[in-house]
Amino acid sequence: MNDEELTKQHLNDINKIARSIKREATLMEICGGHTNIIMKYGIREILPKNIRLISGPGCPVCVSSQKDIDCMIELAMQGVPVATYGDMMRVPGSNYSLEDARAKGCKVFEVYSAEEVLKLRKDYPHIVFFGIGFETTAPMTTFLLENNICVYSVHKLVVPAIKAMLGGEIKIDGFINPGHVSTIIGEKAYADIKVAQAITGFSAERILRGIRALLELIKDDKKSVVNAYPEAVHYEGNIIAQKLLNNHFKISDSEWRGLGVIPNSGLEVRKDDLNAKIKYKNILSKVPEPKKTACRCGEVLKGLIEPTECPLYRKACTPENPKGACMVSEEGSCSISYKYGR
Amino acid sequence: MRCRGTPHPGSKQAKLADPIKQVLLEAASSIKTIKHFEGAQKKFVIKMQKDFITLAEGSGGKEMQELIKSFGFCKRGNWKECDNDSAVLDLDAVKGKGKPGKLVFTTDSFIVNPIFFPGGDIGHLAFSGTINDLVVMGAKPLGISLGFVIEEGFSKEDLDKIITSIKKLSEEYDVSVVTGDTKVMENGKLDKIIINTSGLGIVDEKDLLTKKIIPGDKVIISGGIGEHAVALLSKRFEYETKIITDSKPLIKEMDAVKRLIKIAKDPTRGGIASILNEICSKNKVGMLVSEEEIPAKQEVRKVVEMLGINLYELACEGRMICVADKNSASKVVKLLKEFNPDASIIGEIVDDAKDNHVVLQTMLGKRILAMPTGRIVPRIC
């Protein structure tokens, strides 16, 4: 069968299983990449009425805390050269974005890979890398740490986030677990989470394949994980990457936008002299706590509200002039909704 | 940010990475003081002057004249006074005495990183881009201007490659470069090179492609999309690809179909997502596009998926989107297929005077293809 036939087959099965579930089931996709495909193909609209899909905190740009972003901008403003991935450049801090800082003459570099930072170091020996992302991008950051480049880490872990969502304000019947992250951490990482979960990849066929597997679990009341992406994800994951993470990072509490501090949910640089938070303590300790704004990114990230329910959405906050992080990233719920919404 | 690849002499990287070049550069910067030296040193100085661009070559003096002469643009068509302050064209010689005709005029500036990429370079883009802006109006290009702003220290060998590619196109498509300008900016004040080209064309009233489009008309693309972007990005993301840029002047394609179509556009920045929306909002209509009819090479699709970027927003530099009456559409596609086998009908104009939406028919349903916003940034995870 080709992709299209498979997709239609999954949809048929989903309709059958949903009927036999006989109640409303809420599924959360953790990964922003999944949200993108779901919205792109209008998958929410074609699912049976009793199956509700909500988006979770899986866009790395969106979940970085306002304080961390302010700290990074302050470093740049104080003359420390900084480098980070493209999306991060436009996230508004309390006063400016990193892109604004660059326009004002600060040394801010947009890189596509960690490797490029190594090249930048030739001209800027004190360059600091703003390490962002989940277990997928963190191994690349270890490459910089191995080369003695100073890192400000806001790297985050997926499993603690799922656990936090599980104890949260809405009842979630099942999770669509991220595909790329799972290639690193493996199916085993989800084994002790007591809820239905399906790991899947990034196409309409794979998403529906995952939803179908998830509904099977919910129907049978099984609180376990299914690997619906066996072409890429193994039980053990990528052992080499896991070792690298363990060598260079220690697990620490981390602040998430909207979710607050989640215990043991972040990766902190092990070596003090390569940890920008310690090295530049004197600059960073003066960064004030961010003020609260009308932006409701936090609630969007928790799945409590749809982007359209935020008072800023499409009015003060647009992809051209974003007020909140969820409108910046291609994986942010607000930006995706803006793009594909009717 | 400077791109990957070999840094040109004079850049900071070059100074650090290559002590020999450093010595040569210092020698070159003191040209004035050693000019009176005889023999071997003099030869050395002359050779150095030829290696890279100096500020003097943008200062309007002898050095600049020498440089421009070295470009060697000599084919000027019907244009006269090409070495004067303005080039002169006798319109009667072009369209025939007393015959009607409209002039079309366009300009574009080109910055691209990297400046050399699989299948092309910034010069190729600068020529094709401006020609295509004339061509999609239905016009015959009469000549173009060529303005360079170059960073001091830019390699003359690279400049030569850029000029050669412009000259080759100019000869192949018989459009002369009739006037130009060269400025040089201090090292570090500019990222290598900026090219500006303006183009003048002429069109018969009846060929002007600003005709009214109506529901039922077909939307046609002249070839696969995303090839230019995938070729360009391969340099930036360091992946290997067989895909080369689609950059090319569309003169021959347009000559074949211009009597059969109503409007045409070239989907450069913003890709087809931008151009299809532009067509709809300008003409106060909607469009229904079938996703599976949009041609793109398998390798292009894979790279785009890997990087997490939107295929429909990627620039093409040698494709056109045209709209034709439903009865002529298949003829247009047949003619375009002679140039590119991927040419196809991708959709049709529908009635949507209110929202002017471009709607994509996907395998699962319909969705809106929005006007792109912001910049194209690959996904983080």
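Chains as they are written, first to last, in this note's numbering: chain A, 1 to 342; chain B, 1001 to 1381. No residue lacks a Cβ here, since even glycine has one placed at the ideal position from N, Cα and C. Since we're looking at a predicted model, the values are computed, not measured.
> If you measure beta-carbon to beta-carbon, which residues of the region 1342-1374 of chain B are closer than 7 Å to chain A?
Replying inline: Within the region 1342-1374 of chain B, the residues whose Cβ lies closer than 7 Å to some Cβ of chain A are THR1362, MET1363, LEU1364, GLY1365, ARG1367, ILE1368, ALA1370, THR1373 and GLY1374, listed in chain order.
> Curious, which full-length beta strand (DSSP E) runs of at least 3 residues does the region 1307-1342 of chain B contain?
Replying inline: Segments of the beta strand (DSSP E) lying fully in the region 1307-1342 of chain B: 1321-1324.
> Where VAL1285 of chain B and LEU11 of chain A are concerned, what is the direct C-alpha to C-alpha distance, given to the nearest angstrom?
Replying inline: Here the C-alpha atom of VAL1285 of chain B lies approximately 33 Å from the C-alpha atom of LEU11 of chain A.
> In this structure, what does DSSP give as the bridge partners for GLY1201 of chain B?
Replying inline: DSSP lists B:VAL1104 and B:PRO1141 as partners of GLY1201 of chain B.
>> So, for LEU1024 of chain B: in the same chain, excluding its five sequence neighbours on each side, which residues have a beta-carbon less than 6 Å away from its beta-carbon?
In response: The predicted model places LEU1024 of chain B with a pLDDT of 49, which falls under 50 and marks its position as unreliable, so this point remains unresolved.
> Does the Cβ of ALA204 of chain A have 16 or more other Cβ atoms within 10 Å, making it buried, or fewer, making it exposed?
Replying inline: Counting Cβ neighbours within 10 Å, ALA204 of chain A comes out buried, since at least 16 surround it.
> Name the DSSP bridge partner or partners of GLY1120 of chain B?
Replying inline: When DSSP reads this structure, GLY1120 of chain B sits in a beta bridge with B:PHE1117.
> What does LYS339 of chain A touch in chain B if you count any residue whose Cβ is under 7 Å from its own?
Replying inline: Within 7 Å of the CB of LYS339 of chain A, the CB atoms of chain B belong to ALA1370, in sequence order along the chain.
>> Between the alpha carbons of GLU1152 of chain B and GLY1058 of chain B, how many angstroms are there, rounded?
In response: Distance between the alpha carbons of GLU1152 of chain B and GLY1058 of chain B: 9 Å.
> Using the beta-carbon count (16 or more within 10 Å), is CYS1280 of chain B buried or exposed?
Replying inline: By the 10 Å Cβ count, CYS1280 of chain B comes out buried.
> Closest to GLU146 of chain A by CA distance: which of A:VAL233, A:ALA191, A:ILE172 and A:VAL117 is it?
Replying inline: Ranking A:VAL233, A:ALA191, A:ILE172 and A:VAL117 by CA distance to the CA of GLU146 of chain A puts A:VAL117 first.
> Which whole-angstrom value describes the C-beta separation of ALA1296 of chain B and LYS339 of chain A, a residue pair presumed to lie in contact below a C-beta threshold of 8 Å?
Replying inline: Rounded, the Cβ-Cβ distance is 20 Å, inconsistent with contact.
> Between which two residues does the alpha helix (DSSP H) carrying LEU1276 of chain B extend?
Replying inline: First-last of the alpha helix (DSSP H) with LEU1276 of chain B: 1271-1283.
> Cβ of PHE1117 of chain B less than 8 Å from any chain A Cβ?
Replying inline: Cβ-Cβ to chain A under 8 Å: no for PHE1117 of chain B.
> Helix, strand or coil: which one does DSSP assign to PRO307 of chain A?
Replying inline: Note: PRO307 of chain A maps to helix in three-state DSSP.
>> Is it buried or exposed, VAL128 of chain A, if we count other Cβ atoms within 10 angstroms and call 16 or more buried?
In response: Counting Cβ neighbours within 10 Å, VAL128 of chain A comes out buried, since at least 16 surround it.
> According to the Cβ coordinates, are VAL300 of chain A and VAL91 of chain A closer than 8 Å?
Replying inline: No, the pair does not count as a contact, with Cβ atoms beyond the cut-off.
>> I want to see whether chain A comes within less than 8 Å of GLY1153 of chain B, judged by CB atoms only; does it?
In response: Not one chain A Cβ lies under 8 Å of GLY1153 of chain B.
> When DSSP labels each residue in this structure, what does LYS1189 of chain B get in the three-state scheme?
Replying inline: Correct three-state label for LYS1189 of chain B: coil.
> Whose C-alpha, out of B:CYS1074, B:ASP1121, B:TYR1239 and B:GLU1240, is nearest the C-alpha of ASP1174 of chain B?
Replying inline: Measuring from the Cα of ASP1174 of chain B, the nearest candidate turns out to be B:CYS1074.
>> Helix, strand or coil for LYS243 of chain A? Go by DSSP, reduced to three states.
In response: Helix at LYS243 of chain A.
> Would you call LYS323 of chain A buried or exposed, if buried means 16 or more other Cβ atoms sit within 10 Å of its Cβ?
Replying inline: Classification of LYS323 of chain A: buried, given that the 10 Å Cβ count is 16 or more.
>> Mapping the DSSP letters down to three states, classify ILE1261 of chain B as helix, strand or coil.
In response: DSSP places ILE1261 of chain B in coil when its eight states are reduced to three.
> How many angstroms separate the CA atom of MET28 of chain A from the CA atom of LEU53 of chain A?
Replying inline: Whole-angstrom Cα-Cα distance: 6 Å.
> Excluding sequence positions up to five away, which residues of its chain have a Cβ less than 7 Å from the Cβ of ASP1352 of chain B?
Replying inline: Cβ neighbours of ASP1352 of chain B beyond the five flanking positions: VAL1285 and GLY1286.
>> Please report whether the beta-carbon of ARG1236 of chain B lies at a distance below 8 Å from any beta-carbon of chain A.
In response: Interface criterion met: the Cβ of ARG1236 of chain B is under 8 Å from a Cβ in chain A.
>> I need the boundaries of the beta strand (DSSP E) containing ALA198 of chain A, first residue and last residue.
In response: 196-199 is the extent of the beta strand (DSSP E) around ALA198 of chain A.
> In terms of DSSP beta bridges, what is VAL1384 of chain B paired with?
Replying inline: This structure does not reach residue 1384 of chain B, given that chain B is present from 1001 up to 1381, and the question cannot be answered.
> Using a C-beta to C-beta distance shorter than 9 Å, which residues of chain A count as neighbours of GLY1226 of chain B?
Replying inline: The contacting residues do not exist; GLY1226 of chain B stays about 17 Å from chain A at best.
> To the nearest whole angstrom, what separates the beta carbons of LEU1125 of chain B and GLU1292 of chain B, a pair I think is in contact under 8 Å?
Replying inline: Contact doesn't hold; Cβ gap of about 30 Å is too wide.
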